[in-house]
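**Q** Protein chains in written order, with our numbering: chain A, 1 to 242; chain B, 1001 to 1100; chain C, 2001 to 2093; chain D, 3001 to 3508.
We put the beta carbon where it would ideally sit given N, CA and C, even for glycine.
Bear in mind that the values here come from a model prediction, so they are computed numbers and not experimental data.
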Amino acid sequence: MFKNIDLKYEGDAVQQHSSKIIALLSVGAVLFFLITMLIQHPPYEGGIRPFVENKISVSGVTNPVTAVLLNFRVYDTLLELAVLLIAVIAVLPSVNSNLPTLRILSSQQENLVVFALQRWISPALLVFSGYLLWAGASQPGGAFQAGALLAGGCVLMFQTGSYHLNYTSLFIRIALIIGLMVFVSAALALFITEGNLLQYPENYAGVLILIIESFATFSIAVALAALYSSIISTSNVKSRGR
Amino acid sequence: MNTLLMYSVTGVGLFAIGLLGLIISSHIMRKILSINIMGVGIFMLLIAFAKQNGEIADPLPHAMVLTGIVIAAAGTALALNLMVRLYDMQQKNRGSLDDR
Amino acid sequence: MMDIAIAFDILLMLGCLALAWVSIFSASLFRCIVFFVCFGLLITIVWAQMGAYDVAIAEGAIGAGITGALLLAAWNRIKPTKRQDSDSIEERR
Amino acid sequence: MIDNLNIATLLPLIVFVPLLVALLVFLVNQEKWQKIINIGFALLQFTIVITITLLFLKANILQSQRYQIGNWGAPLGIDLVVDGFSIVMVSLTGLLTLILTLYSTAYFSESSKGVRFWPLWWLLISGLNALFVSNDAFNIYVALEIIGLAAAALVALQSTREALEAALRYLLVGLLGSLFYLMAIAILYRSHGTLDLIQIAESTDHQLPDQIAIIFITAGLLLKIALFPLHFWLPPAHANAPTPVSAILSALVVKASLYVLIKFWFEVLNESTTVDASQFIGYLGATAILYGSWKAFQATHLKVVIAYSTVAQLGYIFLLFPLSEQAANTGTFTGSASQAAIYFIVAHACAKAAMFLSAGNLILSQGSGEISQLKGIARRQPVNLFVFAIAGVSLIGLPPSAGFIAKWLLLTASIESGQWWWSIVILLGGLMAAMYIAKILHLAFTNVENNIAPHYPEDNYILDTQPQAIHWILTATAIVLALTTLALGINAEFILNMANPTLTGSTL
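1. Locate the beta strand (DSSP E) running through R103/A, then write down its first and last residues.
2. How about the region 3346-3365 of chain D and the region 3482-3502 of chain D: do they share at least three Cβ pairs that are nearer than 8 Å?
3. Note the first and the last residue of the continuous beta strand (DSSP E) segment covering H3301/D.
4. Flag W3033/D as yes if its beta-carbon sits less than 8 Å from any beta-carbon of chain A, otherwise no.
5. Between which two residues does the alpha helix (DSSP H) harbouring Y3170/D extend?
6. Taking only three categories from DSSP, how would you classify V88/A?
7. Identify the contact partners of G1021/B in chain D, using a Cβ-Cβ distance below 7 Å as the criterion.
8. Pick from M3498/D, I3306/D, D3079/D and T3105/D: whose alpha carbon is nearest that of I3140/D?
9. Mapping DSSP to helix, strand and coil, what is Q2963/D?
10. In the DSSP assignment, find the unbroken alpha helix (DSSP H) run with L149/A in it and report its ends.
11. At the level of alpha carbons, what is the spacing between L1078/B and I3405/D?
12. Less than 8 Å between the beta carbons of A137/A and N63/A, yes or no?
13. Compute the Euclidean distance between the alpha carbons of V3081/D and Y3170/D, then round it to the nearest angstrom.
14. Is it buried or exposed, L1046/B, if we count other Cβ atoms within 10 angstroms and call 16 or more buried?
15. For the ligand ADP, I want to know if A3237/D counts as a neighbour, meaning its beta carbon is within less than 7 Å of at least one of the ligand's heavy atoms.
16. Name, please, each residue of chain B whose Cβ falls closer than 8 Å to the Cβ of F2030/C.
17. So, is the C-beta of A87/A closer than 8 Å to a C-beta in chain D?
18. Considering Cα atoms alone, identify which of P3242/D, L3176/D, L3023/D and L3055/D is closest to Y3107/D.
19. The alpha helix (DSSP H) spanning L3362/D covers which residue range?
20. At a Cβ cut of 8 Å, what residues of the region 47-65 of chain A count as close to chain D, listed as they run along the chain?
21. Based on the DSSP output, what are the partners of L165/A in its beta bridges?
22. Once DSSP output is grouped into helix, strand and coil, what is the label at S1025/B?
23. Which whole-angstrom value describes the C-beta separation of F3228/D and L3284/D, a residue pair presumed to lie in contact below a C-beta threshold of 8 Å?
24. I believe T217/A touches G147/A by the beta-carbon criterion, under 8 Å. Please report the beta-carbon distance rounded to the nearest angstrom.
25. Can you give me the Cβ contacts of G141/A inside the same chain, cut-off strictly under 6 Å, excluding the 5 residues immediately before and after it?
26. Can you have a look at D3459/D and say buried or exposed, based on whether 16 or more other CB atoms are within 10 angstroms of its CB?
27. Is there a C-beta anywhere in chain F that falls below 8 Å from the one on G1013/B?
28. Between the Cα of I35/A and those of F1015/B, I1071/B, Y1087/B and D1058/B, spot the shortest distance and give me the residue it belongs to.
29. Identify, in the order they occur along the chain, each residue of the same chain with its Cβ nearer than 6 Å to the Cβ of V3304/D, setting aside the five sequence neighbours on each side.
30. Any Cβ of chain B within less than 8 Å of the Cβ of S3365/D?
31. Any beta carbon from chain D within less than 8 Å of L1082/B's own beta carbon?
32. Report the rounded CA-to-CA distance for L190/A versus V184/A, giving the unit in angstroms.
33. Based on Cα-Cα distance, which residue from D3210/D, A3391/D, Q3068/D and L3182/D lies nearest to T1067/B?
34. Using the Cα positions of G2065/C and A3130/D, report the straight-line distance between them to the nearest angstrom.
35. When you check each C-beta in the region 3147-3163 of chain D against every C-beta of chain B, which residues fall closer than 9 Å?
36. Are the beta-carbon atoms belonging to H1062/B and D2009/C less than 8 Å from one another?
Here it is in structure tokens:
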């Protein structure tokens, strides 16, 4: 299945030698069992909806999904930010701190369309992701959606090739971990004051969630932008160190 | 056959297509795409039974899917980065004369 | 009225399955990736149709957006350029 | 709030302290400060783990009370729980964290890879601890992802062609295994409405959904544990990783998925597993023992030998499934076979880590990992070879070492449960392990007439370096690990009563 790592561009879609029939049959059998299970056994009623309903008033937000994501099961979200951080650390180029944090080169070919697109859409993206973050408390929205939107803005900026972020400068490194750092320090602070980890005090829950969410949005945006720019720029990856 | 059961069957179908693609596809990029499609299949199954009866849906599957999407994106980004660096390494070896 | 909604659901489902199949087994890699981005957008509509609006926004932004951008960037790096060293975007030292 | 010092208050610290250290180390990349932070927090982590273990032993209860994160309770919030098996794994992780962190400070002292190594290392450790204490199915999935991604990134650290290829294959296998596990959780949550393992255990009705869920969990996690037919990714990944990484990969990361499999197979979905399914896994384990040992005997590179020996040793632990099937259908993971498995995990972890460390030292001093280069190494590196021999003794299962106790327990379990044929496989496996260990030791002791400089064969498996002097910490940590294997071999009850607190057999 994964035996040979094949990177030939022209190769055709399916491996020749692989026994396609056996694979087809086995996956078909898996599919058959799953579908019979789906049809015969109806799902359980309600799941944890009743629990969420009577606890949501305490949770500090009104949108049930944000309540589950950032208050009831906040430990999962914290570990998930750690997963994103792992992916970013793995792709970061090795340290070259002689580059400035943000290098703006006036790239020669004036790609008018992309420049126009950037100038019109970036501010709108910024405002809209701020709104998404704020609306997360009551309507659909939240940290991940706002962060991904900001990252989309950064991807747009990278298109012209004139903006270069040096991901190993101190400022960017702080930006990358600020989301998780605020989360962990809030958790430990609450651990000391409330005696129980990540247990928000009733009346400050909403405010605390918003603070944590905004820092998480900022670091998710920088993390996704770092993931994108690590793939496009060859100079970034092939650093002198190796 | 209510629609939610049909969505569950579609989710399982996507999972099967992704699994099949993973087993018999050749290029690494196709395998990464298959893994993403398997993930979307599982998320569709999760979301499908969230709204069983009544209006408001059970928020837990939604939270699980949100976390799953970000984890899948992180995994895909790392896999793509490794693939690109491996491709550069192979090009360098094939391009440069001395093998070692 | 009801059958239109069901018809729309069935259309969405068939579209998902077809796009998924094509985005793995189509001939050229570039076509795979473009189909995958379309698949991501179609899934966003499916989430919205199923009432999961938070997930729809996230899927649209991350599933179709960022992952699609990553795939295209990776494809750009592994496609065989005519002259291997002329990399227009990056100034090569 | 810190005064009522019970397990519950300390439990989340073992996850949050490594997380905090990872962030600190990622920020600070001056060599000197990193070293202070790493060693200091490794000691702090070790003390926390020791206090938790001692508190658990003092309380002498089957399972610590549930630590409800955010005080929300089981179906809504996430609970952390520690039972006999997980306390053994947590203390094992604490011990190996301390020793391997010391090793890594010396190993990465001058190389530029340390900047990227340390944050990933601490995140891997926090993922391991998060997995061992978690009692929530989706939380285990996120912890599995943390471990999978961090381990793949660490394998790719050396960015040679083989390392990148092994890391990419390991990452894809890890993602596939986690997706199978996620599919099983979706099915379980669909039919039980809760993600908490204990609540799922209470409400299982062994219908089709639970059977499909256990099949998916087994398939996915067997892929991540690298049992026999699915082991193709393990040797290149463990052989191409830097030495401390391959040590923790073989000793702990592979065991994390095994821990989840055992938890689901014996505690959560116990009744929906059939006898012949566990017999099948037993046969897979048996073939893994024979196949792994045979490939280890054939391998030409030192680290590849040890990686294949991991594949073989994992086979022993899978003999647990057929042996403990009849023993007890109680909800808990007790019985002589389970004690044998737990002891085997601990013995293999210490022995394999010691072996990888000493092999890494030999490779560093020799410059290349080819076994043919090891001629007469006994005179140049006596201490490291001594540690390698002790670890080999434990893998073979000779008396003074912990491996002997583990194999003895496994043999008695197989005789007790009447399945005598497993004991033949165990003894045969010990014999084959002796073969490939002796092959290496024989080469090491043949003295070379003219001390020719080690020539580098062309198809060198791993980019080798110039022969270097070995820092004293590198050898010291390897010796400490070898001594722990011997110490565990002598007084066995410490681990045994930690694993299964002797109490009236109260079921879950």
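**A** Inspection of the coordinates gives the following:
1. Your numbering for residue 103/A matches position 103 in the first sequence. Note, R103/A: beta strand (DSSP E), L102 to I104.
2. yes
3. The residue given as residue 3301/D occupies position 301 in the fourth sequence. It is not in any beta strand (DSSP E) - H3301/D carries neither H nor E in the DSSP assignment.
4. To locate residue 3033/D, count along the fourth sequence from 1; it is residue 33. So, not an interface residue.
5. Position 170 of the fourth sequence, counting from 1, holds the residue named residue 3170/D. Element bounds for Y3170/D: R3161 to H3192.
6. As a first step, residue 88/A is located in the first sequence; it is residue number 88 there, counting from the start. DSSP places V88/A in helix when its eight states are reduced to three.
7. Sequence index remark: in the second sequence, residue 1021/B carries index 21 (1-based). Correct list: empty, because the minimum Cβ distance to chain D is about 12 Å.
8. Here the question's residue 3140/D lines up with position 140 in the fourth sequence. Comparing Cα-Cα distances from I3140/D to each of M3498/D, I3306/D, D3079/D and T3105/D, the minimum goes to D3079/D.
9. Outside the shown range of chain D (3001 to 3508) lies residue 2963/D, about which nothing can therefore be said.
10. Here residue 149/A corresponds to residue number 149 of the first sequence, with the count starting at 1. Counting along the chain, the alpha helix (DSSP H) containing L149/A begins and ends at A143 to Q159.
11. Along the second sequence, read from residue 1 onward, the residue named residue 1078/B stands at position 78. Along the fourth sequence, read from residue 1 onward, the residue named residue 3405/D stands at position 405. Distance between the alpha carbons of L1078/B and I3405/D: 42 Å.
12. Residue 137/A sits at position 137 when you count from the first residue of the first sequence. Residue 63/A sits at position 63 when you count from the first residue of the first sequence. It is a contact, given that the beta carbons lie within the stated cut-off.
13. For the purposes of this step, residue 3081/D is taken as the residue at position 81 of the fourth sequence. For the purposes of this step, residue 3170/D is taken as the residue at position 170 of the fourth sequence. Each residue's alpha carbon lies about 30 Å from the other.
14. Start at 1 with the first residue of the second sequence, and residue 1046/B comes out as number 46. L1046/B is buried by the Cβ-count criterion.
15. Among the ligands in the structure shown, none appear at all, so the ligand ADP cannot be discussed.
16. Position 30 of the third sequence, counted from the start, is the residue given in the question as residue 2030/C. The contacting residues do not exist; F2030/C stays about 10 Å from chain B at best.
17. As a first step, residue 87/A must be located in the first sequence, where it is residue number 87. Yes - at least one Cβ of chain D is within 8 Å of the one on A87/A.
18. Taking the first residue of the fourth sequence as position 1, residue 3107/D is located at position 107. Among P3242/D, L3176/D, L3023/D and L3055/D, the Cα nearest to that of Y3107/D is on P3242/D.
19. In the fourth sequence, residue 3362/D corresponds to position 362, counting from 1. Note, L3362/D: alpha helix (DSSP H), S3336 to Q3366.
20. G47, I48, F51, V52 and K55
21. Taking the first sequence and counting its residues from 1, one reaches residue 165/A at position 165. DSSP lists L102/A as partners of L165/A.
22. Taking the second sequence and counting its residues from 1, one reaches residue 1025/B at position 25. The answer is strand: DSSP assigns S1025/B an E or B state.
23. By one-based count along the fourth sequence, residue 3228/D stands at place 228. By one-based count along the fourth sequence, residue 3284/D stands at place 284. The pair is a contact, with the Cβ atoms about 5 Å apart (cut-off 8 Å).
24. Mapped onto the first sequence, residue 217/A falls at position 217. Mapped onto the first sequence, residue 147/A falls at position 147. About 4 Å separates the two Cβ atoms, so the contact holds.
25. For the purposes of this step, residue 141/A is taken as residue 141 along the first sequence, with counting starting at 1. Counting only Cβ-Cβ distances below 6 Å, and skipping sequence neighbours, we find L132 and A135.
26. Taking the first residue of the fourth sequence as position 1, residue 3459/D is located at position 459. For D3459/D, the pLDDT reaches just 43, beneath the cut-off of 50, and the residue's location in the model is therefore unreliable, leaving the point undetermined.
27. The structure shown contains no chain F; the protein chains it does contain are A, B, C and D.
28. Looking up residue 35/A in the first sequence gives position 35. Taking only the C-alpha atoms, the option nearest I35/A is F1015/B.
29. Taking the fourth sequence and counting its residues from 1, one reaches residue 3304/D at position 304. So the qualifying residues of the chain are P3235 and A3239.
30. If you number the fourth sequence from 1, residue 3365/D lands on position 365. Not an interface residue.
31. To locate residue 1082/B, count along the second sequence from 1; it is residue 82. For L1082/B, the answer is yes, since a Cβ of chain D falls inside 8 Å of its Cβ.
32. Position 190 of the first sequence, counting from 1, holds the residue named residue 190/A. Position 184 of the first sequence, counting from 1, holds the residue named residue 184/A. Taking the straight line joining both Cα atoms gives about 10 Å.
33. For the purposes of this step, residue 1067/B is taken as residue 67 along the second sequence, with counting starting at 1. Per the Cα distances, L3182/D.
34. Residue numbering aside, residue 2065/C sits at position 65 when the third sequence is read from its first letter. Residue numbering aside, residue 3130/D sits at position 130 when the fourth sequence is read from its first letter. Distance between the alpha carbons of G2065/C and A3130/D: 31 Å.
35. G3148, L3149, A3152, A3153, A3156, S3159, T3160 and R3161
36. Working through the second sequence from its first residue, we reach residue 1062/B at position 62. Working through the third sequence from its first residue, we reach residue 2009/C at position 9. Their beta carbons are not under 8 Å apart, which means H1062/B does not touch D2009/C by this criterion.
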